[in-house]
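Reading the sequence shown from the start, the letters are residues 105 to 333 in the working numbering.
C-beta: ideal position from N, C-alpha, C; glycine also.
A quick note: this is a predicted structure, and the numbers were derived from the prediction, not measured.
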Amino acid sequence: MSRKRWPASRRCSRSNVVRFHTVFFDLDGTVVDAFTTIYRSYVHALPLLGYPAPTMEQVRRAVGGGLEIAMSHFVPKELIAEACKVHVDYSETILLEDARLYPGALELISNLHARGVRTAILTNKIGNQSRMLMTHLGLDPHLDLVFGARDFQWRKPAPEFTAEALRRLGATADGACIVGDSPFDVQTGKNAGFPALCVTTGTHNAAQLHAAGATAVHPDLVSLAKEFE
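Have a look at this one:
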């Protein structure tokens with residue numbers, strides 16, 4: 105998804121109109137509930153390489169830092185690349201079957217976008233898959249950028265990854281924030297120099313997110329929306 109221009113009607117003329125000018129959203133566990141798809145892909149891939157199918161809880165504990173890091177919890181280093189390829193190839197065949205938006209996602213993102221806020225997905229999920237999901241789930245018109253793994257050489261929480269996303273948006277870290285569900289998202293915000301607002305709909309609970317240094321923690325996006333009022 106390419107950078108868009110913001111017409112004059114969407115520009116904010118007063119500093120108190122919006123709290124943030126750019127809001128990055130993590131994808132899986134934050135905006136999209138894709139755990140069934142992710143889990144099915146592990147259940148498919150691991151037995152093909154001679155390893156037992158994991159439980160849903162094992163998958164939940166592993167994900168968050170990118171597929172290669174997650175896969176390292178299940179197979180030895182020399183098999184990670186092969187396991188990831190099998191996982192990705194299969195997940196693409198079922199990508200749109202089970203994924204759904206979390207309650208409040210469409211309302212929050214579309215509202216921010218309509219108010220002139222740059223809205224973007226910043227994820228370690230493969231970029232092409234992420235864009236397919238956003239189109240399928242109807243969020244594409246309300247997003248200025250969908251930036252994921254394989255779109256750039258870095259991934260979250262590397263500051264270079266966020267800096268490139270900001271560059272493509274024509275934005276700066278000042279006045280930006282990230283909405284996520286894991287310590288990886290918190291660290292992404294820290295590395296970039298902006299707040300991390302978290303939800304507990306994904307991989308970590310409130311205590312873990314507070315311990316990681318989250319600026320705020322909410323049970324879901326409906327509750328988190330008050331941060332942007």
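If residue i and residue j are in contact, beta carbons under 8 Å, what's the gap, nearest whole angstrom?
| i | j | result |
| --- | --- | --- |
| Val326 | Thr304 | Their Cβ separation, rounded to whole angstroms, is 12 Å, which puts Val326 and Thr304 out of contact at 8 Å. |
| Ala209 | Phe251 | Their Cβ separation, rounded to whole angstroms, is 17 Å, which puts Ala209 and Phe251 out of contact at 8 Å. |
| Ala185 | Leu153 | Wrong, their Cβ atoms sit about 11 Å apart, outside the cutoff. |
| Gly220 | Thr126 | So it is not a contact: roughly 11 Å between Cβ atoms. |
| Ala329 | Leu241 | 18 Å between Cβ atoms; not a contact. |
| His308 | Asp285 | 6 Å |
| Ala275 | Arg222 | 6 Å |
Measuring CB to CB, does residue i end up less than 8 Å from residue j?
| i | j | result |
| --- | --- | --- |
| Ile142 | Leu226 | no |
| Phe288 | Lys260 | yes |
| Val179 | Ile230 | no |
| Gly306 | Ala300 | no |
| Leu270 | Ala262 | no |
| Ala203 | Val135 | no |
| Ala253 | Gly169 | no |
| Val190 | Ala157 | no |
| Arg164 | Phe139 | yes |
| Leu249 | Leu216 | no |
| Ser195 | Ser145 | yes |
Determine the burial state of residue i: buried for a count of at least 16 other Cβ atoms within 10 Å of its Cβ, exposed for fewer.
| i | result |
| --- | --- |
| Gly317 | exposed |
| Met175 | buried |
| Gln257 | exposed |
| Met238 | buried |
| His177 | exposed |
| Arg107 | Bear in mind that the predicted position of Arg107 carries a pLDDT of just 43, short of 50, making it unreliable; the figure below should be weighed with that in mind. Arg107 comes out exposed. |
| Ala296 | buried |
4 or more residues per run - each alpha helix (DSSP H) lying fully within the stretch 187 to 238:
Whole alpha helix (DSSP H) segments, 4+ residues: 209 to 218.
Validate contact between the stretch 223 to 235 and the stretch 128 to 136 using beta carbons, cut 8 Å, 3 pairs
Contact holds between the stretch 223 to 235 and the stretch 128 to 136, because three or more Cβ pairs, one in each stretch, are under 8 Å apart.
Completely contained alpha helix (DSSP H) runs for the stretch 141 to 185, where each covers 4 or more residues
If we require 4 residues or more, the alpha helix (DSSP H) runs fully inside the stretch 141 to 185 come out as 160 to 166 and 171 to 175.
Output the residue ranges of the alpha helix (DSSP H) runs that lie fully inside the stretch 231 to 284 and measure 4 residues or longer, sorted by chain position.
231 to 240 and 263 to 273, all fully within the stretch 231 to 284.
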